[in-house]
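*Asks:* Chains A and B, in that order, give the protein sequences. Heads up: the first sequence runs through residues 1 to 175, numbered per this note's numbering. Heads up: the second sequence runs through residues 1 to 120, numbered per this note's numbering. We put the CB at the ideal spot given by N, CA and C, even for glycine.
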Amino acid sequence: MIRYILTFICAFCTYLVLTAGSGDIWLWSAFEIVTGLIIAFVVSLASAKWFCRGADYRMANPLRWALLGLYICIPFFLELIRANIDVAIRIITGNINPGIVKVNPGLTTGFGQLLFANSITLTPGTLTLEADEKTGDFYIHMLSVPREMVKQKTADAADLFSFFKIHEWVRRIAE
Amino acid sequence: MVAEFIVTIFLGLGLLAVGLGVVGILRFPDVYTRLHAETKMTTCGAIFICIAVVITEIGAYLASGEMQYAVLGLHTVLALAALVFTNAIGAHAIGRAAYRAGVRPDPAVVDRMKGVNTDD
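(1) Just by C-beta distance, which residues in the segment 49-80 of chain A are closer than 7 angstroms to chain B?
(2) Based on the DSSP secondary-structure assignment, which residues constitute the bridge partners of Ala155/A?
(3) Select from the segment 134-156 of chain A all residues with a C-beta closer than 7 angstroms to any C-beta belonging to chain B, and list them in chain order.
(4) Does the segment 5-17 of chain B touch the segment 30-50 of chain B, meaning 3 or more C-beta pairs lie closer than 8 angstroms?
(5) Under 7 angstroms between beta-carbons, which chain A residues line up against Leu11/B? List them in chain order, please.
(6) Asn104/A: which of Pro75/A, Thr35/A, Ile96/A and Ala117/A sits nearest, CA to CA?
(7) In this structure, how does DSSP classify Tyr4/A when only helix, strand and coil are distinguished?
(8) What span of residues does the beta strand (DSSP E) with Ile72/A cover, start to end?
(9) Using the beta-carbon count (16 or more within 10 Å), is Ala113/A buried or exposed?
(10) Once DSSP output is grouped into helix, strand and coil, what is the label at Asp111/B?
(11) Can the beta-carbon of Ala88/A be found closer than 9 angstroms to that of Ala17/B?
(12) What in chain B is Cβ-close to Lys102/A, meaning under 9 angstroms?
(13) Compare the beta carbon distance of Leu129/A and Thr33/B with 9 angstroms and say whether it is the shorter of the two.
(14) Would you mind giving the Cβ-Cβ distance between Arg3/A and Cys52/A, rounded to the nearest angstrom? I have them listed as a contact below 8 angstroms.
(15) Can you give me the C-alpha to C-alpha distance between Ala91/B and Gly65/B, rounded to a whole angstrom?
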């Protein structure tokens, strides 16, 4: 039951964001609110099974979403900018030293792993190629592998980032 | 006037990032390094261009008071969120597919994925 309610709320909120400014009951017209309720109901019936897989509802906590917003605006954005400057310099100079390394940040939940894999892909000269859900291993292609990392069998996740401990942030948000 | 200046700067930064991404695709040696240029630079470029759009829309909203401009800004933010997520997932899918198809990173100083069973 909870999964249907959560999917309904998410679908309804998404519909409200997409139709904001349509009328004068706050920001929405009565027609859009009723349509949104009907559509959210149908969507929740159809997709709750996939949207809330497993009995893990920790992401229903709004505080975690607030933390996710903060994470995207500050640590993630700053790492993204730094990564882009780094890649831009490497594009111009052609100074690359690529390789695939293995990292295990110790994340266990599906959402945590997804968030970490996506953060890795968009941040410091790294690209997630494969993630093993069971062991939590990530295989990461790096544009420039530091010399000490070449010898390590499993690299330390903290060595991948420059300003923030992204894996700690992801753990706080999703685990 | 100030807003226009800021918008121009953000548009310029966005175009520079996307342009460098194109150069990177041409310059880098293999599929994995090209994915780096493709994913990161286009995402960063899109973020700057979307910031420019949002600033323009907020300016138009404040000047005219019409809701449609604010709504357009909100939709731009949503489109950006979708783009950032799908760009990363798309790059992951291409990289994984390339590795499974037998394309090995060349050049590579280390390949820890070699011999790992990637079948689910």
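*Replies:* Per the coordinate set shown:
(1) Leu80
(2) If you number the first sequence from 1, residue 155/A lands on position 155. Note: Ala155/A sits in a beta bridge opposite Val103/A.
(3) Tyr139, His141, Leu143, Val145 and Val150
(4) Short answer: they touch.
(5) Counted from its first residue, the second sequence places residue 11/B at position 11. Those do not exist, as Leu11/B stays about 16 angstroms from chain A at its closest Cβ, beyond 7 angstroms.
(6) Here residue 104/A refers to the residue found at position 104 of the first sequence. For the residues Pro75/A, Thr35/A, Ile96/A and Ala117/A, the minimum Cα distance to Asn104/A belongs to Ala117/A.
(7) On the first sequence, residue 4/A is found 4 positions in, with the first residue counted as 1. Here Tyr4/A carries a helix assignment [DSSP, helix/strand/coil].
(8) Position 72 of the first sequence holds residue 72/A. Run containing Ile72/A: none; DSSP gives neither H nor E here.
(9) Locating residue 113/A in the first sequence gives position 113, counting from the first residue. The residue asked about is misnamed: residue 113/A is Gln in this sequence, not Ala. It counts as buried.
(10) In the second sequence, the residue the question calls residue 111/B occupies position 111. Here Asp111/B sits in strand by DSSP.
(11) Your numbering for residue 88/A matches position 88 in the first sequence. Your numbering for residue 17/B matches position 17 in the second sequence. Against a cut-off of 9 angstroms, the Cβ pair of Ala17/B and Ala88/A comes out as a contact.
(12) Counting from one through the first sequence, the residue named residue 102/A turns up at place 102. Near Lys102/A (Cβ distances below 9 angstroms), the residues of chain B are Arg112, Met113 and Val116.
(13) Taking the first residue of the first sequence as 1, we reach residue 129/A at position 129. Taking the first residue of the second sequence as 1, we reach residue 33/B at position 33. Going by C-beta atoms, Leu129/A is not nearer than 9 angstroms to Thr33/B.
(14) Here the question's residue 3/A lines up with position 3 in the first sequence. Here the question's residue 52/A lines up with position 52 in the first sequence. Sure, about 4 angstroms apart at Cβ, within 8 angstroms.
(15) Your numbering for residue 91/B matches position 91 in the second sequence. Your numbering for residue 65/B matches position 65 in the second sequence. In a straight line, the C-alpha of Ala91/B is about 41 angstroms away from that of Gly65/B.
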